[in-house]
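Q: Here my numbering runs 183 ahead of the position in the sequence shown, where the first position is 1.
Every residue gets a Cβ at the ideal spot worked out from N, C-alpha and C, and that includes glycine.
The following block contains the structure, expressed as structure tokens.
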Amino acid sequence: MRRKWDSKTKARIVLAGLMGECVNDLCRAHDLRPGQYYKWRGHFLENSHLVFEKPPLPLGDMELAAENEELKKLVGELTLELTSGKPTR
Numbered sequence: 184m185r186r187k188w189d190s191k192t193k194a195r196i197v198l199a200g201l202m203g204e205c206v207n208d209l210c211r212a213h214d215l216r217p218g219q220y221y222k223w224r225g226h227f228l229e230n231s232h233l234v235f236e237k238p239p240l241p242l243g244d245m246e247l248a249a250e251n252e253e254l255k256k257l258v259g260e261l262t263l264e265l266t267s268g269k270p271t272r
């Protein structure tokens, strides 16, 4: 039967190994094969730079941001129209 490891547990195990704990002892303590540990470590190191990147806006947030900009432009045009008395559209 295969076990499902959550990402936090994987990260904690990999970090323990990277900080100097004996990999064999770690694997034995968690009933894990060393090959699996090294696979996780490789994935961890390949993707560690993503921690420092700004996450992209979800699609819904992008649509809201675009609508917000459009509404700001419309409010600005209406404000100019009201203060000058001339239609801008």
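Taking DSSP as the reference, what is the three-state secondary structure of ASP350?
A: Only positions 184 to 272 of the chain appear in the structure, and residue 350 is not among them; the question remains open.
Q: What does the Cβ neighbour count give for VAL258, buried or exposed, with the cut at 16 atoms within 10 Å?
A: By the neighbour-count rule (16 or more Cβ atoms within 10 Å), VAL258 is not buried but exposed.
Q: Please confirm if the region 187-198 is in contact with the region 219-226, defined as three or more CB-CB distances below 8 angstroms between the two stretches.
A: Cβ pair count under 8 angstroms is three or more, so yes.
Q: My guess is that PHE227 and VAL206 are in contact by the Cβ rule of under 8 angstroms, so how many angstroms apart are they, rounded?
A: The Cβ separation is near 13 angstroms, so there is no contact.
Q: Is the beta carbon of GLY200 closer than 9 angstroms to that of ARG224?
A: The answer is yes: Cβ separation under 9 angstroms.
Q: Quick one: Cα of LYS269 to Cα of PHE235, how far?
A: Going by the C-alpha atoms only, they are around 50 angstroms apart.
Q: Within the region 207-246, note down every full alpha helix (DSSP H) run reaching 4 residues or more, in order along the chain.
A: Those alpha helix (DSSP H) runs which fall completely within the region 207-246 and span 4+ residues are 217-230.
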